[in-house]
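K.L.:
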Amino acid sequence: MSEIGVNGVSLYYEGRGTGPGVVLVHGSWGDADSWARVAPGLAGRCRVVAYDRRGHSRSADPPGQGSVHQDVADLAALIEELGLAPAFVCGNSYGGLVALRLAAARPELVRGLAVHEPPGLALLRDDPELASVARGFIERNEPIRVLLEAGESAAAAELFVDTVAFGPDAWPRLPAPLRHTFVRNAPTYLDELRDPEAFDLDLAALARYPEPVLLTRSDNSPPMFEPVLDRIALALPQVGSHLYRGAGHVPHMTEPAEYVRVVLPRTLAGG
450 MSEIGVNGVS
460 LYYEGRGTGP
470 GVVLVHGSWG
480 DADSWARVAP
490 GLAGRCRVVA
500 YDRRGHSRSA
510 DPPGQGSVHQ
520 DVADLAALIE
530 ELGLAPAFVC
540 GNSYGGLVAL
550 RLAAARPELV
560 RGLAVHEPPG
570 LALLRDDPEL
580 ASVARGFIER
590 NEPIRVLLEA
600 GESAAAAELF
610 VDTVAFGPDA
620 WPRLPAPLRH
630 TFVRNAPTYL
640 DELRDPEAFD
650 LDLAALARYP
660 EPVLLTRSDN
670 SPPMFEPVLD
680 RIALALPQVG
690 SHLYRGAGHV
700 PHMTEPAEYV
710 RVVLPRTLAG
720 G
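Counting from 450, one number per residue, gives the positions in the sequence shown under the working numbering.
(1) Touch check for the region 552-561 and the region 576-592: three-plus C-beta pairs under 8 Å?
(2) Taking the alpha-carbon positions, what's the leucine 579 to threonine 467 distance?
(3) DSSP state of histidine 565, grouped into three classes?
(4) Tell me the DSSP secondary structure of valine 407 in three-state form.
(5) Quick one: using the 10 Å Cβ neighbour count with 16 as the cut-off for buried, is leucine 683 buried or exposed?
(6) Compare the Cα-Cα distances from glutamate 566 to each of Ala488, Pro676, Tyr500 and Ser451 and report the closest residue.
(7) Please look up how many angstroms separate the CB atoms of glycine 504 and glycine 515, rounded, as I've assumed it's under 8 Å.
(8) Let me know if glycine 695 comes out buried or exposed under the rule of 16 or more other beta-carbons within 10 Å of its beta-carbon.
(9) Is it right to say isoleucine 587 is buried, meaning 16 or more other beta carbons lie within 10 angstroms of its own, or is it exposed?
(10) For alanine 509, which residues from the same chain have a beta carbon less than 7 Å from its beta carbon, with the 5 sequence-adjacent residues on both sides left out?
(11) Can you tell me which of the three DSSP states serine 451 falls into?
(12) Given 8 Å as the limit, is there contact between the region 546-555 and the region 520-532, that is, 3 or more CB pairs closer than that?
(13) Sorted by chain position, which residues of the same chain lie with C-beta nearer than 7 Å to tyrosine 708's C-beta, five sequence neighbours on each side aside?
(14) For glycine 540, count the other beta carbons within 10 Å of its own beta carbon; 16 or more makes it buried, fewer makes it exposed. Which is it?
(15) Along the chain, where does the alpha helix (DSSP H) containing serine 667 start, and where does it finish?
(16) Would serine 690 be called buried (16 or more neighbouring beta carbons within 10 Å of its own) or exposed?
(17) State the Cα-Cα distance for the pair aspartate 501 and valine 613, rounded to the nearest angstrom.
(18) In chain order, what are the residue ranges of uninterrupted beta strand (DSSP E) at least 3 long that sit wholly in the region 673-704?
(19) Just verifying my parser: in three-state terms, what is the DSSP assignment at valine 487?
(20) For arginine 633, which residues of its own chain have a beta-carbon under 7 Å away from its beta-carbon, when the five flanking residues on both sides are left out?
(21) Write down the C-beta distance between serine 542 and histidine 698 rounded to the nearest angstrom, noting that I regard them as a contact closer than 8 Å.
(22) From proline 604 to leucine 596, what does the alpha carbon distance come to, in whole angstroms?
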């Protein structure tokens, strides 16, 4: 375990293995530990780095309102400071949005991507047939926002898990350490909800990214992710896909062997 100073904050990270650089970017509420079941398999052939995004778990809390732009700048600095460029970047959920934004903004740092179910709901707002999907996401998050603003982190985390991310009654089935992590990192989700650009992407900029991108989803995840992935796929010059069966929103945790089998060849090929 190590720490690195970037952009005025200290980030916790874990590195293992040798070979081509691979960086793992966790989603909302989580931390680097969410990658624990796939990091060893990837590290057999790669230099793998997982880190806590700013404000999460062992990394420093940002001063004031956090933003997706800070997360992207942190990821860029981490890759540069650790000498990983160009790195293959794996992003899950909100971490996928961070990874895609980095590829669009700093393509020289990213030699390929594997992204699972990024919540880019803003991409649907101009489609009359899909705008209701985005509105549903906003409506489900509103009571979570209220709880977070009231400092009710535990109640907000449970509501998020059961109504947004995993499905009814999923909270008590999560391992206790994971529930603790969600509660600890709850304030960072309020920052995301308050950030007007958090759930958006510049598809025109992303269309200029020349390297291969793997976009994945699970057949039992909330339906909102499929149209988002479709929009992203249409913008990318080189795109592949994979469907996980029964893996849910976190296949690197629920189906780690399959995740490594799908992603590892791309990390070695560069995409």
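All C-beta atoms, glycine included, are put in the ideal place defined by N, C-alpha and C.
P.N.:
Quick answer:
(1) Flag = no, the region 552-561 and the region 576-592 do not touch.
(2) Counting from 1 along the sequence shown, the entry for residue 579 is found at position 130. Counting from 1 along the sequence shown, the entry for residue 467 is found at position 18. Looking at the two C-alpha atoms, the distance is approximately 44 Å.
(3) As a first step, residue 565 is located in the sequence shown; it is residue number 116 there, counting from the start. Strand.
(4) Beyond the ends of the chain as shown, which are 450 and 720, falls residue 407; an answer cannot be given.
(5) Walking along the sequence shown from the start, residue 683 turns up at place 234. Flag for leucine 683 reads exposed.
(6) Reading the sequence shown from its first residue, position 117 is the one you call residue 566. The residue with the shortest Cα to Cα distance from glutamate 566 is Pro676.
(7) For this step, residue 504 is matched to residue 55 along the sequence shown. For this step, residue 515 is matched to residue 66 along the sequence shown. Yes, glycine 504 and glycine 515 are in contact; Cβ-Cβ is about 6 Å, under 8 Å.
(8) The sequence position of residue 695 within the sequence shown is 246, counting from 1. Glycine 695 is exposed by the Cβ-count criterion.
(9) As a working mapping, residue 587 is identified with position 138 in the sequence shown. Isoleucine 587 should be labelled exposed.
(10) Position 60 of the sequence shown, counted from the first residue, corresponds to residue 509. If you ignore the 5 residues before and after alanine 509, its C-beta comes within less than 7 Å of the C-beta of Val458, Ser459 and Arg503, all in its own chain and listed in chain order.
(11) Indexing the sequence shown from 1 puts residue 451 at position 2. Note: serine 451 maps to strand in three-state DSSP.
(12) Flag = yes, the region 546-555 and the region 520-532 touch.
(13) As a position in the sequence shown, residue 708 is number 259, starting the count at 1. Hits under 7 Å: Val487, Pro700 and His701.
(14) Residue 540 sits at position 91 when you count from the first residue of the sequence shown. The residue is buried, with at least 16 neighbouring Cβ atoms inside 10 Å.
(15) Translated into the one-based positions of the sequence shown, residue 667 becomes position 218. Annotation: serine 667 is outside any alpha helix (DSSP H); the continuous beta strand (DSSP E) that includes it extends over 662-667.
(16) As a first step, residue 690 is located in the sequence shown; it is residue number 241 there, counting from the start. Answer is exposed; the Cβ neighbour count stays below 16.
(17) Along the sequence shown, one-based indexing puts residue 501 at 52. Along the sequence shown, one-based indexing puts residue 613 at 164. Straight-line Cα distance between these residues: approximately 22 Å.
(18) Taking 3 residues as the shortest admissible run, the region 673-704 contains the following complete beta strand (DSSP E) segments, listed from N- to C-terminal end: 688-693.
(19) Here residue 487 corresponds to residue number 38 of the sequence shown, with the count starting at 1. Coil.
(20) For the purposes of this step, residue 633 is taken as the residue at position 184 of the sequence shown. Excluding positions up to five away in sequence, the list reads Ser506.
(21) By 1-based counting over the sequence shown, the position of residue 542 is 93. By 1-based counting over the sequence shown, the position of residue 698 is 249. Contact flag correct, Cβ pair sits at about 6 Å.
(22) As a working note, residue 604 is residue 155 in the sequence shown. As a working note, residue 596 is residue 147 in the sequence shown. This sequence places alanine at residue 604; proline is not what is there. Distance between the alpha carbons of alanine 604 and leucine 596 is about 7 Å.
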